[in-house]
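Peer 1:
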Amino acid sequence: MHNRMTMRLILLLALSLRMTFTWAQRPGEPLRVIVFGAHPDDCDLGAGGVASIYASMGHQVKFVSMTNGDAGHQDIGGGELAKRRYKETQEVAKRLGITYDVLDNHDGELMPTLENRLAVIRKIREWKADLVIAPRTNDYHPDHRNTGIVVQDAAYLVIVPNILSSVPPLTKNPVFLYFRDGFQRPNPFRPDIAIDITETLAKKVEGLDAHTSQFYEWLPWTRQDLTNVPKDPVERKKWLLTAMERRSSVTPEIKASLEKWYGQQKAATIKSVEVFEICEYGRQPSPEDIKRLFPMLPR
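Heads up, the sequence shown is in numbering that gives the first Met the number 0, so the first residue is 0 and it goes up one at a time.
(1) Helix, strand or coil for residue 59? Go by DSSP, reduced to three states.
(2) Quick test of your reading: residue 72 and residue 32, contact by CB under 8 Å. State the CB separation rounded to the nearest angstrom.
(3) Check for me: the alpha helix (DSSP H) holding residue 118 runs from which residue to which?
(4) Leaving out the 5 sequence neighbours to the left and right, which residues in its chain are closer than 6 Å to residue 129 when beta-carbon positions are compared?
(5) Indicate the three-state DSSP secondary structure (helix, strand or coil) for residue 148 in the structure shown.
(6) For residue 272, which residues does DSSP report across the bridge?
(7) Count the CB pairs spanning the segment 114 to 122 and the segment 231 to 246 that are closer than 8 Å, and state whether there are at least three.
(8) Below 8 Å on the Cβ atoms is my guess for residue 190 versus residue 276; work out the distance and round it to an integer in Å.
(9) The alpha helix (DSSP H) with residue 288 in it runs from where to where?
(10) Between which two residues does the beta strand (DSSP E) carrying residue 341 extend?
(11) For residue 131 versus residue 175, is the C-beta distance shorter than 7 Å?
(12) Which whole-angstrom value describes the C-beta separation of residue 301 and residue 81, a residue pair presumed to lie in contact below a C-beta threshold of 8 Å?
(13) How big is the Cα-Cα spacing for residue 203 and residue 51?
(14) When we look at the beta-carbon of residue 212 and count the other beta-carbons within 10 Å, is it buried (16 or more) or exposed?
(15) Going by alpha carbons, who is nearest to residue 192 out of 292, 185, 137?
(16) Using the beta-carbon count (16 or more within 10 Å), is residue 20 buried or exposed?
(17) For residue 130, report the span of its beta strand (DSSP E) as first-last.
(18) Which residues in the same chain as residue 205 place their Cβ atom closer than 7 Å to its Cβ, once the five residues preceding and following it in sequence are excluded?
(19) So, helix, strand or coil for residue 253, using DSSP?
(20) To which residues does DSSP link residue 99 through a beta bridge?
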């Protein structure tokens, strides 16, 4: 009897310690980051730079597109376009050293359904995510907005055992973050965490370059700028790099965030950034937690 009670106490203590230290990263254990986007290039735009840095440091990153992108082109669509865009995502995965999943929802038709919420919960649990990144819910595109809603709705439920009981729940809630955007209403983006990607921007562009259907065809066409896309692959990549330099530029608000994380002297030299807002759902990280989750930040 005494031995059985002792064993039970040991098991309970072990479980308690396991749940305590899942949040405190074990030395040498890789971080697990999952990024959700509406279309098969959204994750790359919002977090391609930090994904590349994580991968180079030995951490694990998964991109998930909530739709198959089968409407995003001026000349082709449907199954043909979905297959082409899936191949592009797998090329991105090779170039950045990450994993890229694409869900089979139609482009332009994504809804915040229970089915999609459960799919997101499954992805987060199976990946055992420490960090989840997604778009905010105020955006010009309904797929972007609904991706944000679905991920928000999953934020607490990933730890609830009786939700999607076929997949073990996480023992701790991840930190949830939003991508950078420029929308002001109903509330502007808040640059809580700013990451220097100045030296990594070319690698990010290398990943974006794999999305030929988007960055050299569809998106220029929507801007009536298709004739200005260079034909030469090298020049085309330079053209894309220039566009990404503008997109990742430092604003006064972002500069203040850079100074917080890098110090004034280093912040003054940073030209290109990826920036994230801490979601009010999920775990609320301390500054020490953020430095653990973003090991590329100076100690």
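All residues carry an ideal CB built from backbone N, CA and C; glycine is no exception.
Peer 2: For this structure:
(1) Residue mapping note: residue 59 aligns to position 60 of the sequence shown, counting from 1. Here residue 59 sits in strand by DSSP.
(2) Your numbering for residue 72 matches position 73 in the sequence shown. Your numbering for residue 32 matches position 33 in the sequence shown. Not quite, the Cβ-Cβ distance comes to about 29 Å (not below 8 Å), so this is no contact.
(3) Within the sequence shown, numbered from 1, the residue matching residue 118 stands at position 119. Taken as a continuous stretch (DSSP letters only), the alpha helix (DSSP H) holding residue 118 covers 113 to 126.
(4) To locate residue 129, count along the sequence shown from 1; it is residue 130. Around residue 129: 30, 31, 173.
(5) The sequence position of residue 148 within the sequence shown is 149, counting from 1. Of the three classes helix, strand and coil, the one that applies to residue 148 here is helix, per DSSP.
(6) Indexing the sequence shown from 1 puts residue 272 at position 273. According to DSSP, residue 272 bridges with 195.
(7) no
(8) Sequence index remark: in the sequence shown, residue 190 carries index 191 (1-based). Sequence index remark: in the sequence shown, residue 276 carries index 277 (1-based). Between residue 276 and residue 190 the Cβ distance is about 7 Å, and since that is below 8 Å, they are a contact.
(9) Residue 288 sits at position 289 when you count from the first residue of the sequence shown. First-last of the alpha helix (DSSP H) with residue 288: 286 to 292.
(10) Absent from the model: residue 341. The displayed extent of the chain is 0 to 298, so no value can be given.
(11) Indexing the sequence shown from 1 puts residue 131 at position 132. Indexing the sequence shown from 1 puts residue 175 at position 176. Contact flag set, yes.
(12) Any answer about residue 301 is impossible in this case: the structure gives the chain only from 0 up to 298.
(13) Along the sequence shown, read from residue 1 onward, the residue named residue 203 stands at position 204. Along the sequence shown, read from residue 1 onward, the residue named residue 51 stands at position 52. If you draw a straight line from the Cα of residue 203 to the Cα of residue 51, it is about 7 Å long.
(14) Position 213 of the sequence shown, counted from the first residue, corresponds to residue 212. It counts as buried.
(15) Residue numbering aside, residue 192 sits at position 193 when the sequence shown is read from its first letter. Comparing Cα-Cα distances from residue 192 to each of 292, 185, 137, the minimum goes to 292.
(16) Here residue 20 refers to the residue found at position 21 when the sequence shown is read from its first residue. For residue 20, the predicted structure reports a pLDDT of 38, less than 50, and the residue's modelled location is therefore unreliable. A value from the coordinates is still provided. When all chains shown are included, residue 20 counts as exposed.
(17) Here residue 130 refers to the residue found at position 131 when the sequence shown is read from its first residue. That run of the beta strand (DSSP E) goes 130 to 133.
(18) Here the question's residue 205 lines up with position 206 in the sequence shown. 94.
(19) Here residue 253 corresponds to residue number 254 of the sequence shown, with the count starting at 1. Correct three-state label for residue 253: helix.
(20) Numbered from 1 along the sequence shown, position 100 holds the residue referred to as residue 99. 62, per the DSSP bridge assignment.
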